[in-house]
């Protein structure tokens, strides 16, 4: 998975995790909710990309 992200993806992932940790230092409930929202958003984007690729005949790419 890390090989597919590339350098910019790894930096983005670290920034995302750092932001959640920073929020968690203030409020665990808000950090947990934010993490759930981001995970749901990621799943929605993945599903949307799969649908678009599937409609173009490239459904098995990821």
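Numbering (the numbering used here), first residue to last: 3 to 64.
Beta carbons: idealized from backbone N, C-alpha and C, even for Gly.
Query: For residue 51 and residue 36, believed in contact at Cβ under 8 Å, the rounded distance; Result: With a Cβ gap of about 23 Å, residue 36 and residue 51 do not count as contacting.
Query: Expected contact under 8 Å - CB spacing of residue 10 and residue 22 to nearest Å; Result: Contact flag wrong, Cβ pair sits at about 19 Å.
Query: Range covered by the alpha helix (DSSP H) that runs through residue 46; Result: 30-57
Query: Presumed contact (8 Å Cβ cut-off) between residue 40 and residue 18, rounded CB distance; Result: 7 Å
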